[in-house]
Structure formats: structure tokens, C-alpha cells
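Number of protein chains: 2
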Amino acid sequence: MSNNQQIDLGSGFACPIPKSDYANILLAHGSGGRLTHQLIEKMFLPAFKNELLEPLHDGAVFTIGGKKLAFSTDSYVVNPIFFPGGNIGELAVNGTVNDIAMCGARPLYLSAAFIIEEGLPMDDLWKIVLSMQEAAKKAGVLLVTGDTKVVDRGKGDKIFINTSGVGLVDDGVDIGPRKIQAGDKIIVNGDIALHGIAIMSVREGLEFETVIKSDTAPLTGLVNDMLKVSGEIHALRDPTRGGVATTLNELAEQSGLGIIINEEAMPIPDDVKGACEILGLDPLYIANEGKLVAFVSPRAADRVLDAMRKHPLGERSVVIGEAVDRHHGTVVMNSKIGGTRVVDMLTGEQLPRIC
Amino acid sequence: MSNNQQIDLGSGFACPIPKSDYANILLAHGSGGRLTHQLIEKMFLPAFKNELLEPLHDGAVFTIGGKKLAFSTDSYVVNPIFFPGGNIGELAVNGTVNDIAMCGARPLYLSAAFIIEEGLPMDDLWKIVLSMQEAAKKAGVLLVTGDTKVVDRGKGDKIFINTSGVGLVDDGVDIGPRKIQAGDKIIVNGDIALHGIAIMSVREGLEFETVIKSDTAPLTGLVNDMLKVSGEIHALRDPTRGGVATTLNELAEQSGLGIIINEEAMPIPDDVKGACEILGLDPLYIANEGKLVAFVSPRAADRVLDAMRKHPLGERSVVIGEAVDRHHGTVVMNSKIGGTRVVDMLTGEQLPRIC
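Respectively, the protein sequence lines represent chains E and U. According to this note's numbering, the first sequence is numbered sequentially starting from 1. According to this note's numbering, the second sequence is numbered sequentially starting from 1001.
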């Protein structure tokens, strides 16, 4: 560990984001899309620069006592706090569990820190706490440390929860965007856009024939089954804020390769398609909370796909595209009608406070 | 690790805090005092019950790969976000660094998660980020992973920051409230109540002859020097929310012993005393952010005190009392005028959003 490295703050003490661009924080800075990236790349990375801090990775991986550990944090500000398929509590547990799993690690220990607005019904807090306990049990992690703060009425919004977690990367597992190779198959473990649409349906008061439920779930078991059958899983990422499109853009950028996806292969249920049409949203940009995209060597893709389909959270796993050695850093989609289009990163704030 | 243990939720799914007591969260539930304890003991502990989760400890300690690690989390909601002697950013770094140091561990890695209110000036964020970088450097930790969320205007308050951290407990170090023994000397590393008074002065618009500054500082170096000279440091705790009085009450309860402190020995600067009189506050209940109380074997107390006084953050270290084998679970103060009084835990919310 080198703590005495030179830290280059670029333009000295002047804010690195020109005032003429953005003098104030906008909702879009929290979207997970382009403005979030700008904030991270221009402000956080130069300030905190070190070898472990990587842009937009789901967690940091470091070695202590010969063991490779993964460490990750996320704050949850979802609105509403109760929604079809879950609540902010289990979302907070599953979210961090998944971020650690995406490092190829087994999550072991979580922290939970609550920022509660004065006036939150005690019963609501209890429901949230119970569902966190249940989620932790399902994911096989222990909640071992915590914190509670209360802010005055009107200075928060019911409850915000931060979870951080520590996991163990098993010997021999080495996963990351830089390991992606041209030819890698891209697999997703089932229907996309469920979480975001579940939240938006409640907010907009939309009713569909069936209730669209959040897919919030811990992906630890699924990842474990995948790693068991193949050492050729190159990258894993959970397409949360910003959806599959933003996640793939990040991975294209970080791997330096191009990505091609096939519209026809994209698993989107009809009711989600319908909701997206009503709301004017593109399902590729909508948050998921129980999904992963995996980049797998073509040699191993069938084996991994088979293993995934045997797991309850992977029954509808499917190959949606592949990494290619052209249009580097860019995601291109083959559309159903035979054309192609560039799929960009999320710009602006499509869905504020989705997680 | 046992994840399949039986979890006893007591009264089933009914909220364990009777509605007749508190149907809603109050500011006092975040005070660090009696209501915070009730929330932890009646709600969080029964729900998350496991062998590592301890009430009111500063962090969890567990073993991975033969190494003992400490893991801690805290969210910071201090108002105002800039105050004499510091800002919310360095407070967030120092606070978690200190929680880990209080486990007898060397902090190594931190996470930082921001919940920003729409409209925060970008320049303010930059100042905060720079001061976090500076604080991390001073404390010898790396900020390795992070998260940014933005909430709509009026649903947050400028910025809340969560930091979590991982530290390494060196071989042979074993510190905790259960190790406290009757006869242990209680040492504090200097003037108390500075942080709380610095914040309150700004909020109340008070001006004193000299500006009272927050004592926010990383205690890693000091703790390191203390551990070097003695293996008989039994417990360490930073008296933040709820102040020295609340911290000592926690330790009396957890050790099962009694505590006696001497009013005359308590290091309180005159300007702080004056401010406390004006504000009607008791300095024993006021938050510190660069202080620790240490319980040290009487045999080792002088040696530890000497080492502390040689460190810039311990020049004014002093023995303020001792652990005793009577009035178990209770803190008693010998007053200047020769009497004694029970010093209870903080009840109600003396200073909301102090950290």
C-alpha cells in the first residue's frame, strides 16, 4: 500500500467541473449515466487517485494476509420505500451483496447505516429491518455493524440506507473489465427492466393487468454456480442505475473493445414493453436489481449458460450479444428490422431515485 | 461463520417498540443517547442477531485468512456542513478512521458514499472532496470505492456522507469493553466538548473572544503509539455523539463494572465552559471528534500517559477516573465541592445533527 504517492489535483484547488457547465448538482448527477461519470472522472478520481480506486467498478479488490477481499458501498434513496416486489431494506442488502458478487467474491459481512427522517412510523422501520434480516439470511451474509442518524422533518425523505460489504475472492478467481476479450459472449440471466418499471408504476399510479414486480434478489448463488463450471468468466456487472445500455457502455469503454447486442435476443416481458411505451422509456436504460451481464469466453458460453439455467434466478438466461474488435468503446445494436444503431450511455436523468 | 443459526425475533412480526411509547421516529432516536440505545437493543439487535454484532461497539471484528479485521460504518449528517475547524468531508473520514482505531486496528481502506441534495454548489462539493483526500492522506488510509446519489431539492439537506472502513488488528492486540478490569485508569487525550460547541456556536450565531474549533482529527497515530508501549490497554472508545458521559455509561454497562470520574480532572477549556453556560449544556454530554477514552491497567497507566503526551494529539492527556468493582453499570462523578453524583446517559436530543 502506498499512501505517500503524489496526488496530482490537476488545476490545483479550482473545481475541476467548469461552472459554466454545471454550477450546481443536478438530479442527473445521480442518474448513473453521463453526468455521474463526469463527476466521478473529473472530481472523485483525480482527488482520491490510487491504484485500487477504479472508475465505475462495483467494488475495490485488495489483498490482506494473502486473501483477496472485495469491498463495496452503496446508499439507497429509492422512492417510494415500499414497492411491488420489495422495499428499500432488502434492496439495500441485495444491492451491495450483488456488487460484491460482481467482483467474483463471496459476500461475508455487511454494514447498515440508516439516515431516518424524523416522523418515520416505527412500524415502517420494523418492516424494513425485518426484510433486511431476511435478505441477509437468503444471501448468506451477516449484518455485523451499523449506525443510525435522524434528521429533522423536511431534511430527508423517510429513510435512506447505506450498506457496505466485505467479501472473499476465492483463489484463482480473477474477474474484471480488462479481462474481456473479443469474441466473448454476453449473457444476461433473464428479463430486464423489471425493477425500474415496478418503481415507476407506483409513482405514476399506473395499473397493468398483472403487477410488475421488482426483480431485487441476491445473485451470490447464481454467480457461485457460474464460477464452479468455468474459469473463463471474464467480467460480471449488475445493470442497475442506467440499465443494460449504460452498463455495456461502461464495459466497452473499460475493456477498450466494441460491443454488439441483438435487439431480438433481449429478454423483455410484454407487460414491461407496454409500460415502457406508455411511459416513453427505453427498457435498455431501466434499472435492474436481480440481473447480471456476464462476459464469457465463447468456448465456455454454453456450459455457463446451462449452469445458469439450472438456477432459479437464471432460468431465462440468454446470450444477448458479444464483444468485438471494432467500433472500440461503442455499443451497437442489431435491430429487429435488420438495421444497426449506436446505443449510447444514459444522458440526463431518466428515472430519479430508482435505487 | 454460521449463517443458519436460529433467529429469534421475540414477539414475531410485531414491532418490538410499543406504539404507546414511540409510534414515530424522533430526533432523539439519533442522539446517541437513551433512545438510540433502545432502538438498537429492541429492534436492530434482535433482528440481526449474530455473534459479531455487538451493541454500541464502534465496529465489528472478524477473522479472514488468519487475519483479524475491523469493519465499521458511519453516516454523517452534520449541520452546517462547513464549521470552524473542519467540514463534513474530513469529519466523515476521521470519524470512521477513529471507529476502526478504537477496535485496536490500523485503518487501511475506506469507502465514501454521498447523498447529495439537488442544487448543492459544485464548488462546495469540491471543497469537501479535497478535504476528504487530505484527511485520508493524514490518516494513512486509501479511499477505494464510492457511490453518489442525488435526491430532489427539499428531500435531503445539502449533503450526507457515509464512510465505511476496513482495518487490520495486529497480532496480539485484543481490545474491548469486556476486557476492562476494576482498577483500570481512564485516560482522555485532551480537552473535551470542542466539536459540539464549535457546531452549536455557528448554529446559534454565538461569538466568543476566540473561535472554538472542532477537534476533528484521525487518532490512528496516537493509538499506534499507545499500543506500542503497552499490551495492557483494555478498551478504547471515541466519545462522539452523547459525549464522554454517554460513552462511559456504555462502557460501564458493557463491562459490568462501575466508573468513577473526577470533575476537577476533566479537561475543559474556559471558553468552552463559558459557551456551555450560555447554551445551557453540560460539556460531559457534548460530542468530540478527535478524542478517545482509554481504559488502561494501573501498572501501565503512567507509561501510556507518557507516550500519549509525546504525540501532538495527546499533549494534554490526563487521567479522569477509574473503573471500580461497585455501583455496577453506573458512572459516578466526584464533584469539585466534595460531593458525588450519578452521571447518566444522555436522555432526549441535546444536540441534533452534531455529526
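All residues carry an ideal CB built from backbone N, CA and C; glycine is no exception. Owing to the predicted nature of the structure, the values given are computational and were not obtained by experimental measurement.
| Minimum C-alpha distance to residue 1084 of chain U - residue among U:1254, U:1352, U:1216 | For the purposes of this step, residue 1084 of chain U is identified with residue 84 of the second sequence, where counting begins at 1. Among U:1254, U:1352, U:1216, the Cα nearest to that of residue 1084 of chain U is on U:1216.
| said: If the criterion is Cβ atoms closer than 7 Å, does the pair residue 1295 of chain U and residue 1235 of chain U meet it? | reply: Counted from its first residue, the second sequence places residue 1295 of chain U at position 295. Counted from its first residue, the second sequence places residue 1235 of chain U at position 235. Contact flag set, yes.
| query | Apart from the five residues just before and just after residue 1252 of chain U, which ones in its own chain have a Cβ nearer than 7 Å to its Cβ? | reply | Here the question's residue 1252 of chain U lines up with position 252 in the second sequence. The residues are 1258, 1259, 1329, 1330, 1331.
| query | Cα-Cα, which of U:1347, U:1301, U:1315, U:1337 is closest to residue 1282 of chain U? | reply | Here residue 1282 of chain U corresponds to residue number 282 of the second sequence, with the count starting at 1. Nearest C-alpha to residue 1282 of chain U: U:1347.
| request: Would you please verify whether the beta carbon of residue 1218 of chain U is less than 7 Å from any beta carbon of chain A? | output: Included in the structure are the protein chains E and U, with no chain A among them.
| CB of residue 435 of chain E within 7 Å of CB of residue 1123 of chain U, strictly | Since the first residue of chain E shown is 1 and the last is 355, residue 435 of chain E is not available in this structure.
| query | At a CB-CB cut-off below 7 Å, which residues of chain U make contact with residue 75 of chain E? | reply | Sequence index remark: in the first sequence, residue 75 of chain E carries index 75 (1-based). In chain order: 1113, 1115, 1147, 1149, 1162.
| field | Below-7 Å beta-carbon distance, residue 249 of chain E vs any chain U residue | value | Within the first sequence, residue 249 of chain E is the residue found at index 249, counting from 1. Cβ-Cβ to chain U under 7 Å: no for residue 249 of chain E.
| query | From the DSSP output, which residues share a beta bridge with residue 1164 of chain U? | reply | The residue labelled residue 1164 of chain U in the question sits at position 164 within the second sequence. For residue 1164 of chain U, which the question treats as bridged, DSSP gives the partners U:1073, U:1111.
| task | Using a Cβ cut-off of 7 Å (strictly closer), state whether residue 1022 of chain U contacts chain E. | result | Here residue 1022 of chain U is taken as the residue at index 22 of the second sequence, counted from 1. It does; some Cβ of chain E falls within 7 Å.
| request: Give the single residue among E:279, E:299, E:276, E:267 whose Cα lies nearest to the Cα of residue 293 of chain E. | output: Position 293 of the first sequence holds residue 293 of chain E. Of the listed residues, the one whose Cα sits closest to residue 293 of chain E is E:267.
| query | For residue 147 of chain E, which residues does DSSP report across the bridge? | reply | For the purposes of this step, residue 147 of chain E is taken as residue 147 along the first sequence, with counting starting at 1. Bridge partners of residue 147 of chain E: E:113.
| task | From the DSSP output, read off the bridge partner residues of residue 1060 of chain U. | result | Along the second sequence, read from residue 1 onward, the residue named residue 1060 of chain U stands at position 60. DSSP, once it has assigned bridges, lists U:1071 as partnering residue 1060 of chain U.
| task | Could you round the C-beta distance between residue 1288 of chain U and residue 1193 of chain U to whole angstroms and report it? I think they count as a contact, below 8 Å. | result | Here the question's residue 1288 of chain U lines up with position 288 in the second sequence. Here the question's residue 1193 of chain U lines up with position 193 in the second sequence. Right, the Cβ-Cβ distance comes to about 7 Å (below 8 Å), so this counts as a contact.
| Considering residue 1052 of chain U, what are the terminal residues of the alpha helix (DSSP H) in which it resides? | Working through the second sequence from its first residue, we reach residue 1052 of chain U at position 52. Counting along the chain, residue 1052 of chain U falls outside any alpha helix (DSSP H), and DSSP gives it neither H nor E.
| Start-end ranges of the alpha helix (DSSP H) lying completely within the stretch 1171–1239 of chain U, minimum 4 residues | 1194–1204, 1220–1229
| query | If we ignore side chains and look at the alpha-carbon of each, how far apart do residue 1010 of chain U and residue 303 of chain E end up? | reply | Taking the first residue of the second sequence as position 1, residue 1010 of chain U is located at position 10. Taking the first residue of the first sequence as position 1, residue 303 of chain E is located at position 303. Unreliable placement is indicated for residue 1010 of chain U, whose pLDDT of 45 sits below 50; the coordinate value is still reported in the next sentence. Near 46 Å, if we compare the C-alpha coordinates of residue 303 of chain E and residue 1010 of chain U.
| Residues that residue 44 of chain E bridges to, as DSSP identifies them | Here residue 44 of chain E corresponds to residue number 44 of the first sequence, with the count starting at 1. Its beta-bridge partners do not exist; DSSP assigns none.
| task | In the DSSP assignment, find the beta strand (DSSP E) that holds residue 341 of chain E and state where it starts and stops. | result | Counted from its first residue, the first sequence places residue 341 of chain E at position 341. Run containing residue 341 of chain E: 340–342, per the beta strand (DSSP E) assignment.
| query | Which residue comes first and which comes last in the alpha helix (DSSP H) that contains residue 357 of chain E? | reply | The structure shown does not extend to residue 357 of chain E, since chain E is modelled only from 1 through 355, so no value can be given for it.
| request: Quick one: which residues of the stretch 1282–1297 of chain U get their C-beta closer than 7 Å to a C-beta of chain E? List them in chain order. | output: none
| task | Anything in chain U within Cβ reach of residue 246 of chain E, meaning under 7 Å, just list it in chain order. | result | Taking the first residue of the first sequence as position 1, residue 246 of chain E is located at position 246. None at all; the shortest Cβ gap to chain U is about 14 Å.
| Does DSSP put residue 139 of chain E in a helix, in a strand, or in coil? | Working through the first sequence from its first residue, we reach residue 139 of chain E at position 139. Of the three classes helix, strand and coil, the one that applies to residue 139 of chain E here is helix, per DSSP.
| said: Could you pull the DSSP bridge partners for residue 1014 of chain U from this structure? | reply: On the second sequence, position 14 is the one that residue 1014 of chain U refers to. Paired residue(s): none; residue 1014 of chain U is not in a bridge.
| query | Tell me which same chain residues have a C-beta within less than 6 Å of the C-beta of residue 248 of chain E, skipping the five on either side of it? | reply | By one-based count along the first sequence, residue 248 of chain E stands at place 248. Correct list, in chain order: 259, 331.
| request: Taking only the alpha-carbon atoms, compute the straight-line gap between residue 1355 of chain U and residue 106 of chain E and give it to the nearest angstrom. | output: On the second sequence, position 355 is the one that residue 1355 of chain U refers to. On the first sequence, position 106 is the one that residue 106 of chain E refers to. One C-alpha to the other measures close to 33 Å.
| said: Check for me: the beta strand (DSSP E) holding residue 1318 of chain U runs from which residue to which? | reply: Stepping through the second sequence from its first residue, residue 1318 of chain U is reached at position 318. Taken as a continuous stretch (DSSP letters only), the beta strand (DSSP E) holding residue 1318 of chain U covers 1318–1324.
| message | Taking its Cβ as the centre, do 16 or more other Cβ atoms sit within 10 Å of residue 337 of chain E, making it buried, or is it exposed? | response | Taking the first sequence and counting its residues from 1, one reaches residue 337 of chain E at position 337. With fewer than 16 other Cβ atoms within 10 Å, it is exposed.
| message | I need the DSSP call for residue 1258 of chain U, collapsed to helix, strand or coil. | response | Here the question's residue 1258 of chain U lines up with position 258 in the second sequence. Note: residue 1258 of chain U maps to strand in three-state DSSP.
| message | Can you confirm whether residue 1072 of chain U, when its beta carbon is compared against all beta carbons of chain E, has any partner nearer than 7 Å? | response | Locating residue 1072 of chain U in the second sequence gives position 72, counting from the first residue. Closer than 7 Å: yes.
| message | Any beta carbon of chain U sitting closer than 7 Å to that of residue 123 of chain E? | response | Locating residue 123 of chain E in the first sequence gives position 123, where the first residue counts as 1. Judged by the 7 Å Cβ criterion, residue 123 of chain E is in contact with chain U.
| field | Partners in chain E for residue 1202 of chain U, counting only beta-carbon separations shorter than 9 Å | value | For this step, residue 1202 of chain U is matched to residue 202 along the second sequence. Those within 9 Å of residue 1202 of chain U in chain E number zero; the least Cβ separation is about 16 Å.
| request: Under 7 Å Cβ to Cβ from residue 1200 of chain U, same chain only, skipping five residues before and after it: list those, please. | output: By 1-based counting over the second sequence, the position of residue 1200 of chain U is 200. These residues qualify, in order along the chain: 1279, 1351.
| said: For chain U, check one thing: does any of its Cβ atoms lie closer than 7 Å to the Cβ of residue 82 of chain E? | reply: As a first step, residue 82 of chain E is located in the first sequence; it is residue number 82 there, counting from the start. Not an interface residue.
| Taking Cβ-Cβ distances below 8 Å as the criterion, which residues of the stretch 1130–1147 of chain U are in contact with chain E? | 1130, 1132, 1133, 1136, 1137, 1140, 1141, 1142, 1143, 1144, 1145, 1146, 1147
| Residues that residue 294 of chain E bridges to, as DSSP identifies them | Here the question's residue 294 of chain E lines up with position 294 in the first sequence. Residue 294 of chain E pairs with E:187, E:236.
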